[in-house]
Amino acid sequence: METNYWAGLSLIAMGGLFAGSFSVPFNRSKGWEWENNWLVWSVVALVVAPWVVAVATVPGLLGVYAAETGPLAVVAFFGLIWGVGAILFGRGIDLLGVGLSMPIMLGLTNVIGTLMPVVLRDPGGLLTASGLRLTAGVLVIVLGIVFYSVAGSLKERGAQTPRAGVRSGFVKGLLVCLAAGILSPMVNFAFVFGAPLQQQALAAGTDPVYTSNAVWSIALTAGCLVNAGYCIYLLRSRKTGALYRGSRRVNWAWAALAGVLWYSSMMLYGMGGSFLGDAGVSVGWALMQSLAILTGNLAGLFTGEWRGAAPVSRRIMWLGLACLLAGVFIVAFSR
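First residue of the sequence shown: -12, per this note's numbering; consecutive thereafter.
Next comes the structure, spelled out in structure tokens:
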């Protein structure tokens, strides 16, 4: 495999580390509710950072958009749908609990976000040796997600954590989780269908490594409309907007840092994808999502999240992490 392929995988792996740890700064925020943090995060991660980077790296950015209005609208559409999926993701956890919701949502996000771009580009590609290895890797990743979610469910049960799903009904929660799993990978579809924007940016003199920045600024801003709108609704209905007044200034900094970390993960994913060619949207997506899950789980271990958990739940958790690592290696070598 050529050096560029591994350079791309390295950038995407870094993106996965950022994606899995971006929420850590939220733990340092005091006196704010979720919607207070998430609104600041949405503005920084989905609007400020993408546009600052796009303007800095894509010459004649507005001209690029003016030349490709059709793809521009498609990218915005997929970004908007992804925004809906992001909100439903949180609702799915609330309705079914972590143990039941995460395998459904993360499993669908990995499968759809990884395999559908291959199907759309070349349906026969999944039947090649490379396609079969990619599919096998994704299935191992999904198995790891299932194991880890079972371990998480057992840990919650042992800690006598109330199951959110009991409050609202299984069918409703299942439908929300299915919708979240289907809609969440739409940001990757924005990346796929944003190829004309990248080509136009390249023609305008943009370094090939940075052409994806022309896509993220549009897709993520569209997603911000949903995320910020939902936060504003919660701030009004729960009257938590008042928490901004007199709050610690460092809260704003922590939420903004979370936004910068998350956007950095997407930027690195796009940069890495430029080295992988057609494999970027499939191999790259599976790699970044899996490493994000792995990083988040390891962060939970180091912060004491599993302290006091029953031995059986810890064993299943380690089995899940082993499957995730195995799946990542299979995907990385699938080309």
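The beta-carbon is built from N, C-alpha and C at its ideal position, and this holds for glycine as well. Here the structure is a predicted model, which means the values were calculated and not measured.
| Item | Value |
| --- | --- |
| Nearest residue (CA-CA) to Ala63, options Arg144, Phe262, Leu308, Val174 | Val174 |
| Exposed unless 16 or more other CB atoms sit within 10 angstroms - verdict on Ser261 | buried |
| Rounded distance between the beta-carbons of Met258 and Ser204, thought under 8 Å | Actually they do not touch by this definition, with Cβ atoms about 15 Å apart. |
| Cβ-Cβ distance between Ala242 and Leu(-4) below 7 Å | no |
| N-terminal and C-terminal residue of the alpha helix (DSSP H) that Ala286 is part of | 270 to 289 |
| Selection from Leu306, Ile303, Ser252 that minimises the alpha carbon distance to Leu33 | Ser252 |
| Residue from Ser88, Leu26, Leu130 with nearest C-alpha to Asn214 | Leu26 |
| C-beta atoms of Asn24 and Phe9 nearer than 7 Å | no |
| Backbone CA spacing between Leu184 and Leu207 [nearest angstrom] | 15 Å |
| Contact between the stretch 94 to 102 and the stretch 117 to 130 (3+ Cβ pairs under 8 Å) | yes |
| Simplified DSSP state of Lys226, which is helix, strand or coil | coil |
| Residue from Leu113, Val31, Val127, Gly264 with nearest C-alpha to Tyr(-8) | Gly264 |
| Straight-line gap, Cys164 to Leu93 (C-alpha atoms, nearest Å) | 9 Å |
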